[in-house]
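Residue numbering for the sequence shown is 191 to 367, as defined by the working numbering. A virtual CB, placed ideally from N, CA and C, is assigned to each residue, including glycine. To keep things clear, I will list the structure first and then write my remarks on it.
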Amino acid sequence: MQERGGKLRFFCLEQITQTTFNFDSSVILDGSFRVVKRDLTQTRNVWTASYRDVESQYIEPPIDMLKIEDETLIAKAGRRIDGEAIELYNMTTHQAYRVLEAVKKMQADAATTVELSAAATSFDVLPGDAVHVELPILETPRKMLVVEANDRSGEETADERLFTMTDWTLHTISDSY
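The structure is reproduced here in structure tokens:
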């Protein structure tokens, strides 16, 4: 999380207890709620990160990249799938591993992704926010992590926003809808 003034604060997903918004039938546009199952053969399974160790190389360029591989996902995909290296800037080695593990968890652990369109009242919701999603088709309200939030309108104030979220509490969502 980046606060005003540029200060960065890091949290593990488990530490996010407050939700910033409640998505329910009053703000979700009809017919826009969609659950997308994760395709294990196309899911990223290798994560790399560059950082400067504040304890030993604060001014020097990064020496080694951190790398985390998920052997289970590699076996299911039959190959290594890597993406762009993540720049973590200045932190300790321990912090860098914790942040990279959190990125892996957010991208690979959830079995499903939720996509929906919401009314403009959701304007303050940004990627990284924890939100509640409460709909009759869900057995219970779910806490989800917003991965993407985009305005659909080209005007100054959007009438509709598109969201991609992950159910980071690891509940399985039924295939029935």
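For the candidate residues Glu277, Gly273, His322 and Leu263, whose alpha-carbon lies nearest to that of Asp371? The question about residue 371 has no answer here: the residues shown for the chain are numbered 191 through 367.
Buried or exposed by the 16-neighbour rule on C-beta atoms within 10 Å, applied to Thr356: buried
Other residues of its chain near Pro326: CB distance less than 8 Å, five sequence neighbours each side excluded: Ser215
For Glu250, does the three-state DSSP call read helix, strand or coil? coil
Sufficient close CB pairs (3 or more, under 8 Å) joining the region 270-284 to the region 298-305: no
For the region 216-235 against the region 291-302, are there 3 or more C-beta pairs whose distance is under 8 Å? yes
Please go through the same chain and pick out, in chain order, the residues whose beta-carbon is closer than 6 Å to the beta-carbon of Lys294, but skip the five residues on each side of it. Trp237 and Ile258
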